[in-house]
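Here the protein sequences come in this chain order: A and B. Residue 1 is where the first sequence starts when you use full-length UniProt numbering, and the numbers rise one by one after that. Residue 1 is where the second sequence starts when you use full-length UniProt numbering, and the numbers rise one by one after that. This report refers to the structure that appears directly beneath it.
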Amino acid sequence: MAPLSPYTYIQCPCSDAPSQARPSETPTRDIAADQDDDDRTFDPRAPRSNYSLYPLEYLLYCEDCHQIRCPRCVAEEIVTYYCPSCLFEVPSSNLKSEGNRCTRSCFQCPVCIGPLQVTSLETPPDPNLLAADNTSSGPSGPYILACAYCHWSSIEIGIKFDKPNGIYSQLQKLRNGGQTRLTAKERKDRRKEAMSTGSFASTHPSNPGSDDVLDVESQFENLRTFYSHQLSESTSAAPGLSMSDLGISSPSSLARLMNYYNVGSLDPSKKGLGNSRGRARLGTFREALDTEEGLQLAQLDESASISAFKASTLSDLTTTSQRLSQAESHLSNLVSPALHGSSRLTSTLRPIPVLLRTKRSKRCPVCRHIISKPEPKVASTRFRIRLVAGSYIPAVSIRPLRVPGVTPPPPPDGLLRPLVPAQYLLTFTNPLFEPVKVTLATPSTTPGRFASKVTVLCPQFEIDANTDVWDEALKSGSSETSRRRDEGSKAGGVAEVGKIWERGRNWVSIVVEVVPALIKTEGGEELKEDEDVLEIPMFIRIEWEADATGAEVGAAPGTGKEVREKRELAYWSALGIGRIGSLGQLG
Amino acid sequence: MSRRAPKGEYIETDTGNKVARKAILVGTQNITLGGKTVIQPEVMIRGDLSRSSASSGGSGSGNNTAISIGRYCFFSRGCCLRPPGRFYKGHFTHLPLRMGDHVFVGQNSVVQAATIGSHVHIGEGVVIGEMATIKDYTRILDGTVVPPYMTIPSFSIVAGRPARVIGEVPEGGHEAFELRELYKTVGNNVQPAPA
Ligand SMILES: [Zn+2]
Ligand SMILES: [Zn+2]
Ligand SMILES: [Zn+2]
Ligand SMILES: [Zn+2]
């Protein structure tokens with residue numbers, strides 16, 4: 001078993017509903033919750049705990065609620081969409097029309113997901129021009145997409161491009177093998193043309209299955225046109241209802257549509273309801289009949305695929321992950337043919353357009369204040385607002401306590417010895433500009449099947465403020481500081497009960513003693529995952545005095561004094577100390 | 001340098017760079033260090049692979065920096081920094097490798113990127129392919145292979161072969177990229193870390 005590096009996870013209050021609310025709003029319930037807290041210990045091993053424990057850096061803090069917030073409970077809002085490859089911002093209006101992938105020239109390799117590069121196939125004509133900028137007179141086409149990681153290139157699927165830019169739109173018009181293909185837009189334009197020259201009804205039955213295979217986007221477009229046409233026709237047939245201008249996206253139109261189809265429902269319970277209204281209009285509504293109306297017949301004849309498989313080797317077949325990434329990019333309208341089960345051979349793979357990424361701001365779920373807001377520009381890494389929990393609550397670091405000459409040398413495997421007491425140093429670092437009082441509580445034994453004993457030698461202490469380093473240097477001569485420096489038991493070399501170990505500018509270390517449990521399973525029973533990890537649930541309460549918040553300052557004007565208020569924050573944490581070895585392992 | 005000067009493991013420059021005597025720096029005239037940068041033993045930095053050395057008609061002007069490094073960078077034992085090369089109009093040429101501040105490169109990693117931003121952590125045994133661009137606040141986990149020409153946007157956590165973005169650096173994780181403290185732990189007369 002590999003050793004484990006110590007960790008500290010903190011529980012967000014969103015895992016128990018009452019304390020998530022602002023304390024001022026629920027004064028009565030808070031008292032009740034406090035009483036509950038006294039009886040209840042937190043079990044970091046409980047399945048639910050997986051979803052509420054976070055390392056400190058993942059936590060945010062709401063200054064209005066004075067509470068920790070985690071990735072699970074914050075409300076996210078997208079500030080910017082951008083392509084992670086070309087780093088261009090994508091306006092959200094484009095997103096609606098073009099989808100959530102980069103429509104410039106950014107693609108991933110369909111074989112290995114590495115980035116694809118636009119490369120010229122032609123040897124450069126003028127070798128003497130070694131200009132620093134490569135924009136002016138670059139090499140000429142044709143161009144291909146090539147993967148620098150696995151050396152796949154679009155030649156393998158028979159695709160070359162005329163221009164080095166706008167690959168996305170070029171690829172939309174190309175089938176594997178190089179034949180051109182109508183895009184959804186062109187299809188639409190063509191249909192419009194047909195509608196303007198002749199009538200829609202007279203042209204479409206004459207070319208059934210004109211383009212036999214549609215991509216998903218075209219099929220959806222055709223179906224939508226067909227059904228809105230049907231809907232408007234049926235509405236005009238029944239003049240009492242004027243729903244024609246509502247369009248297909250309105251929920252009432254959809255309900256009506258569904259009503260038409262319930263007529264023929266096989267469900268006997270629905271028959272009575274559907275019959276009375278539906279029968280009257282029966283016959284005015286029909287299903288799509290051909291490609292132009294969005295009908296796609298399932299391709300059941302797979303003999304072509306089977307003979308292709310027979311002629312291919314294992315390396316010609318796609319892997320599950322390759323098929324999956326193809327399926328994910330279906331909606332981008334670049335995969336042809338688009339329907340299921342297509343990309344079984346590597347020759348059918350299509351380059352994957354890069355998925356866009358976002359910058360997001362985060363709101364407190366309770367008071368709706370923004371607690372994190374990045375600068376919208378893609379190139380900027382600044383934040384306008386960034387209230388991270390690390391600037392409010394102490395960081396806790398854990399390491400073994402080693403006193404030269406006293407502590408035995410650490411076991412080479414880095415595991416804890418069962419039943420042998422071990423001492424660990426917990427160092428609390430205060431980020432606040434006020435001194436804080438810390439109170440710790442742990443159960444005397446860890447929860448779970450294997451109970452290790454836990455003793456916190458000094459569960460209550462104060463940490464000095466996170467003052468300026470220079471202030472501290474000037475102050476260091478004072479007797480007050482040196483007295484406080486001496487209070488630690490480090491000087492004695494032995495950890496003492498009720499005494500901190502050591503104190504620094506804005507940190508205090510204390511000793512926790514553990515007696516690891518003996519990990520023993522009976523009857524060949526398997527250990528559950530990480531059951532041999534010694535993890536201590538610890539309740540941390542921090543109290544400090546701070547400047548009162550704005551509203552309260554306004555309430556006491558003219559006093560001239562700074563209004564101070566008591567603050568308190570309490571939360572559960574899980575401290576991972578290490579993995580416990582077995583007796584056999586240790587000899 | 002005087003022969004009698006006491007020899008520590010590191011040479012400390014006026015700008016606070018700590019360069020291990022056992023580090024291999026080739027073509028030092030083409031390497032710029034911003035200061036307070038640590039170069040551990042067995043690190044190799046290939047300043048000789050500069051643009052002018054590749055082109056036949058190099059004028060030998062001062063502007064042929066092969067590798068430029070910002071402040072507070074840390075290069076762990078056995079890693080290698082190498083300017084990227086590519087064929088350009090029929091000639092093979094090297095392009096400069098530029099690196100911002102607070103860049104950590106783990107043991108035995110090879111970096112051939114074109115640009116690495118600031119606050120970037122590159123783990124152990126990582127390969128950064130030629131011409132790759134790595135933006136600020138990015139963490140590249142151990143053993144990752146970043147393909148050539150790949151762009152990695154800010155606040156990415158990257159892993160795998162080939163590399164893919166597997167996560168986002170959380171808001172509270174920015175400070176962890178600072179290398180000021182790490183800088184203090186290395187050198188000839190280092191104060192012992194607080195016990
Ligand atoms: Zn939460
Ligand atoms: Zn892009
Ligand atoms: Zn590839
Ligand atoms: Zn709030």
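Glycine is no exception: its CB is placed at the ideal position from the N, C-alpha and C atoms. Predicted model only: the values in this text are computed from it and were never measured.
Using a Cβ-based criterion (distance less than 8 Å to any ligand heavy atom), does residue i qualify as near ligand 1?
{"i": "I10(A)", "result": "no"}
{"i": "P13(A)", "result": "yes"}
{"i": "V420(A)", "result": "no"}
{"i": "C73(A)", "result": "yes"}
For a cutoff of 9 Å on Cβ pairs, would you count residue i as touching chain B?
{"i": "G405(A)", "result": "no"}
{"i": "E77(A)", "result": "no"}
{"i": "A548(A)", "result": "no"}
{"i": "L59(A)", "result": "yes"}
{"i": "P115(A)", "result": "yes"}
{"i": "F88(A)", "result": "no"}
{"i": "F383(A)", "result": "yes"}
{"i": "P127(A)", "result": "With a pLDDT of 44 at P127(A), under the threshold of 50, the modelled position of this residue cannot be trusted; read the value that follows with caution. With 9 Å as the cut-off, P127(A) counts as an interface residue toward chain B."}
{"i": "P71(A)", "result": "yes"}
Closer than 8 Å: is that where the CB of residue i sits relative to any heavy atom of ligand 4?
{"i": "H229(A)", "result": "no"}
{"i": "I371(A)", "result": "yes"}
{"i": "V388(A)", "result": "no"}
{"i": "C364(A)", "result": "yes"}
{"i": "C83(A)", "result": "no"}
For chain A, check one thing: does any of its Cβ atoms lie closer than 9 Å to the Cβ of residue i?
{"i": "D142(B)", "result": "no"}
{"i": "P148(B)", "result": "yes"}
{"i": "D101(B)", "result": "no"}
{"i": "E178(B)", "result": "no"}
{"i": "T151(B)", "result": "yes"}
{"i": "G60(B)", "result": "Any reading at G60(B) needs caution, since the residue's pLDDT is 46, under 50, leaving its predicted position unreliable; the model's value is listed next. For G60(B), the answer is no, since every Cβ of chain A falls outside 9 Å of its Cβ."}
{"i": "K36(B)", "result": "no"}
{"i": "S53(B)", "result": "The pLDDT assigned to S53(B) is 47, lower than 50, so where the model puts this residue is not dependable, and the model offers no usable value."}
{"i": "R82(B)", "result": "no"}
Evaluate residue i with the Cβ neighbour count: other Cβ atoms within 10 Å of its Cβ, from every protein chain shown; 16 or more gives buried, anything less gives exposed.
{"i": "Q219(A)", "result": "buried"}
{"i": "E525(A)", "result": "exposed"}
{"i": "E328(A)", "result": "exposed"}
{"i": "Y51(A)", "result": "exposed"}
{"i": "K18(B)", "result": "buried"}
{"i": "L349(A)", "result": "buried"}
{"i": "N165(A)", "result": "exposed"}
{"i": "N188(B)", "result": "exposed"}
State yes or no: is the C-beta of residue i nearer than 8 Å to some heavy atom of ligand 2?
{"i": "C102(A)", "result": "yes"}
{"i": "V354(A)", "result": "yes"}
{"i": "C70(A)", "result": "no"}
{"i": "residue 258(B)", "result": "For residue 258(B) there is no data in the structure shown, the boundaries of chain B being 1 and 195."}
{"i": "S169(A)", "result": "no"}
{"i": "F88(A)", "result": "yes"}
What does the alpha-carbon distance come out to for the pair residue i and residue j?
{"i": "R363(A)", "j": "C65(A)", "result": "12 Å"}
{"i": "W544(A)", "j": "L583(A)", "result": "45 Å"}
{"i": "E122(A)", "j": "P142(A)", "result": "7 Å"}
{"i": "S154(B)", "j": "G172(B)", "result": "15 Å"}
{"i": "I577(A)", "j": "P55(A)", "result": "15 Å"}
{"i": "R323(A)", "j": "R344(A)", "result": "7 Å"}
{"i": "R402(A)", "j": "V533(A)", "result": "21 Å"}
{"i": "G125(B)", "j": "R505(A)", "result": "37 Å"}
{"i": "R368(A)", "j": "R86(B)", "result": "52 Å"}
{"i": "I144(A)", "j": "L116(A)", "result": "9 Å"}
{"i": "P351(A)", "j": "T138(B)", "result": "26 Å"}
{"i": "P394(A)", "j": "P431(A)", "result": "6 Å"}
{"i": "G390(A)", "j": "G99(A)", "result": "37 Å"}
{"i": "G129(B)", "j": "L141(B)", "result": "15 Å"}
Distance cutoff 9 Å, beta carbons only. Does residue i sit that close to anything in chain E?
{"i": "T185(B)", "result": "The structure shown contains no chain E; its protein chains are A and B."}
Can residue i be considered in contact with ligand 3, in the sense that its beta carbon sits closer than 8 Å to one or more heavy atoms?
{"i": "G114(A)", "result": "yes"}
{"i": "V111(A)", "result": "yes"}
{"i": "Y51(A)", "result": "no"}
{"i": "P162(B)", "result": "yes"}
{"i": "Y54(A)", "result": "no"}
Just list the beta strand (DSSP E) runs in the stretch 475-542 of chain A, keeping only unbroken ones of 3 residues or longer that don't cross its boundaries, in chain order.
507-515
What are the uninterrupted segments assigned as beta strand (DSSP E) that are 3 or more residues long and contained completely in the stretch 87-116 of chain B, given in chain order? 91-94, 97-99 and 103-105
In chain order, what are the residue ranges of uninterrupted alpha helix (DSSP H) at least 4 long that sit wholly in the stretch 149-191 of chain A?
167-172
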